[in-house]
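In this note's numbering, the protein residues as written are 19 to 113. We put the CB at the ideal spot given by N, CA and C, even for glycine. Working notes for the structure below.
In structure tokens, the structure reads:
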């Protein structure tokens, strides 16, 4: 049996966004967009389901690249809007 961390990395790799320039799983996780989604999800769960806070990273891994679907499902399930859908911060310009 693999340790939980190894399974999480496998999930990240499986759901990496497609495109001409692929990023590593660690680059995606460290991106401003990921941080934005994580903050939104933590805020939602703190208000509506605090017992699920331990599941935040696993859910973000599962819905990587499809975070809007995740928040739509949560809004429907809990009949509550997620925190403001402010646009995620833009990645820093390439040097």
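| Item | Value |
| --- | --- |
| Where does the unbroken alpha helix (DSSP H) through residue 76 begin, and where does it stop? | 74 to 80 |
| Terminal residues of the continuous alpha helix (DSSP H) containing residue 88? | 85 to 96 |
| Quick check: the Cα distance between residue 62 and residue 56, rounded to an integer number of angstroms? | 10 Å |
| Which stretch, first to last residue, makes up the alpha helix (DSSP H) that contains residue 61? | 50 to 66 |
| Between residue 101 and residue 81, what straight-line distance do the alpha-carbon atoms span, to the nearest angstrom? | 17 Å |
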